[in-house]
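Residue numbers (the numbering used here): 14 to 333.
Structural data, given as structure tokens:
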């Protein structure tokens with residue numbers, strides 16, 4: 014009997030230990046085990062935040078380990094955020110709406126001011142295209158499911174044209190840049206830094222997004238991080254606002270940093286950063302309204318399938 018009793022105790026011990034291990038595996042993100050994973054795309058505030066180390070130092074003083082994961086697109090970074098493999102992220106407005114339409118779950122925590130002059134339609138210096146109406150029948154490059162596609166649809170509509178009136182060429186920015194320079198497409202819809210870089214090389218701006226669509230960069234967190242560690246989200250936004258204000262006052266240091274990371278000249282990056290305000294702030298009514306306008310337009314154009322109630326996806330400290 015004693016042998017059986019010991020065996021039962023041993024089995025119970027292993028069950029308890031296995032439960033603890035599995036519980037640990039389920040908390041690989043959101044700071045539950047002292048780790049914060051930040052997903053980022055190359056931009057002035059996020060690279061400055063990563064490079065100067067002040068944010069990371071503050072979290073480490075609180076007992077957290079900070080890791081950084083680079084992503085090339087808004088859709089990929091939001092997929093990782095939805096999966097819980099990262100805790101914090103930055104991406105554009107349109108990729109975030111597409112992600113929510115597909116059922117993703119995350120929270121908008123901050124936004125930079127809208128910067129419509131940082132995207133638009135480009136044509137070559139010697140192009141015969143002088144107006145939006147001249148795009149009819151032309152080959153126009155843009156990245157599918159992006160702010161560029163949304164902008165193109167809105168601008169064509171303003172000229173009484175539709176996407177069916179042009180020859181669409183779906184390319185990511187690096188591939189579109191090559192096709193545009195080779196003359197394989199007649200126009201290119203894109204955002205900064207590609208937009209400013211192409212203009213610096215002598216190409217002409219046919220139209221920007223000004224008076225057409227809003228264009229914002231957003232910052233995000235997982236619902237789990239907000240539920241468990243909202244103070245970390247506040248610290249993140251506080252540091253983003255700080256580095257953003259510094260960039261607004263003098264973009265030269267951030268421009269040099271971005272040149273080293275992207276091989277795009279610092280002078281071009283300085284042009285980019287001078288066209289926008291880089292300081293992120295907690296979500297406000299105007300940022301939410303911009304998202305609602307964009308989502309409504311995307312729904313009307315058939316690019317998304319579902320109405321989105323953004324009140325389910327917005328967080329700021331006042332809501333606590």
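Each residue gets a CB set at the ideal place from its N, CA and C atoms; glycine is no exception.
Thinking C-beta only, is residue 258 closer than 8 Å to residue 130? By 1-based counting over the chain shown, the position of residue 130 is 117. By 1-based counting over the chain shown, the position of residue 258 is 245. No, Cβ-Cβ distance for residue 130 and residue 258 is not below 8 Å.
Check whether the Cβ atoms of residue 124 and residue 91 lie closer than 8 Å to each other. By one-based count along the chain shown, residue 124 stands at place 111. By one-based count along the chain shown, residue 91 stands at place 78. For residue 124 and residue 91, no; Cβs fall outside 8 Å.
Please classify residue 330 as buried or exposed, where buried requires at least 16 neighbouring CB atoms within 10 angstroms. Taking the first residue of the chain shown as position 1, residue 330 is located at position 317. By the Cβ-count criterion, residue 330 is exposed, with fewer than 16 other Cβ atoms from all chains shown falling within 10 Å of its own Cβ.
Helix, strand or coil, according to DSSP, for residue 50 in the structure here? Here residue 50 refers to the residue found at position 37 when the chain shown is read from its first residue. Residue state, collapsed to three classes: strand.
What residue from 199, 71, 238, 229 has the CA that sits closest to residue 291's CA? Here residue 291 is taken as the residue at index 278 of the chain shown, counted from 1. Here the closest residue by C-alpha is 229.
Rounded to whole angstroms, what's the CA-CA distance from residue 321 to residue 238? Just pull it up for me. Reading the chain shown from its first residue, position 308 is the one you call residue 321. Reading the chain shown from its first residue, position 225 is the one you call residue 238. Approximately 22 Å between the Cα atoms of the pair.
Taking the alpha-carbon of residue 286 as reference, which of 57, 232, 53, 188 has the nearest alpha-carbon? Taking the chain shown and counting its residues from 1, one reaches residue 286 at position 273. Nearest of 57, 232, 53, 188 to residue 286, Cα basis: 57.
Would you identify the three-state DSSP class for residue 217, choosing helix, strand or coil? Against the chain shown, residue 217 aligns to sequence position 204. Strand at residue 217.
Contiguous beta strand (DSSP E) assignments of at least 3 residues, all confined to the stretch 166 to 191: Runs found: 180 to 183.
Quick one: grab the DSSP three-state call for residue 132. Position 119 of the chain shown, counted from the start, is the residue given in the question as residue 132. Residue 132 falls in the strand class under three-state DSSP.
Quick check: residue 267 and residue 260, are their CB atoms within less than 8 Å of each other? Counting from one through the chain shown, the residue named residue 267 turns up at place 254. Counting from one through the chain shown, the residue named residue 260 turns up at place 247. Yes, the Cβ-Cβ distance between residue 267 and residue 260 is below 8 Å.
Backbone secondary structure at residue 113 - three-state DSSP: Residue numbering aside, residue 113 sits at position 100 when the chain shown is read from its first letter. Reduced to three states, the DSSP call for residue 113 is helix.
Does chain B have any CB closer than 8 Å to the CB of residue 114? Looking for chain B here will not work: only one protein chain is present.
Please list the segments of the alpha helix (DSSP H) lying wholly inside the stretch 217 to 287, counting only runs of 4 or more residues, in order along the chain. 236 to 241, 243 to 262, 265 to 275, 279 to 287
Delimiting residues of the beta strand (DSSP E) encompassing residue 78: Translated into the one-based positions of the chain shown, residue 78 becomes position 65. 78 to 83 is the extent of the beta strand (DSSP E) around residue 78.
Does residue 68 come out as helix, strand or coil in the three-state DSSP assignment? Position 55 of the chain shown, counted from the start, is the residue given in the question as residue 68. Residue state, collapsed to three classes: helix.
Could you name the residues of the same chain whose beta carbon sits closer than 6 Å to that of residue 126, not counting the 5 residues immediately before and after it, in chain order? On the chain shown, position 113 is the one that residue 126 refers to. The residues are 290.
When you compare only the Cα positions, how much space is there between residue 175 and residue 110? For the purposes of this step, residue 175 is taken as residue 162 along the chain shown, with counting starting at 1. For the purposes of this step, residue 110 is taken as residue 97 along the chain shown, with counting starting at 1. Roughly 22 Å between the two C-alpha positions.
In three-state DSSP terms, what is residue 207? Reading the chain shown from its first residue, position 194 is the one you call residue 207. Three-state result, residue 207: helix.
Compare the Cα-Cα distances from residue 173 to each of 98, 157, 144 and report the closest residue. The residue you call residue 173 lines up with position 160 of the chain shown. The alpha carbon of residue 173 has as its nearest neighbour, out of 98, 157, 144, the alpha carbon of 144.
Element boundaries [beta strand (DSSP E), containing residue 104]: Within the chain shown, the letter at position 91 stands for residue 104. Note, residue 104: beta strand (DSSP E), 101 to 105.
Cβ-Cβ distance between residue 232 and residue 203 below 8 Å: As a working mapping, residue 232 is identified with position 219 in the chain shown. As a working mapping, residue 203 is identified with position 190 in the chain shown. No, the Cβ-Cβ distance between residue 232 and residue 203 is not below 8 Å.
By a C-beta neighbour count over all protein chains shown, 10 Å radius and 16 as the cutoff for buried, is residue 306 buried or exposed? On the chain shown, position 293 is the one that residue 306 refers to. That one is exposed.
Contact under 8 Å by Cβ, residue 296 with residue 155: To locate residue 296, count along the chain shown from 1; it is residue 283. To locate residue 155, count along the chain shown from 1; it is residue 142. Their beta carbons are not under 8 Å apart, which means residue 296 does not touch residue 155 by this criterion.
How about residue 192 and residue 148: are their beta carbons less than 8 Å apart? Counting from 1 along the chain shown, the entry for residue 192 is found at position 179. Counting from 1 along the chain shown, the entry for residue 148 is found at position 135. Contact flag unset, no.
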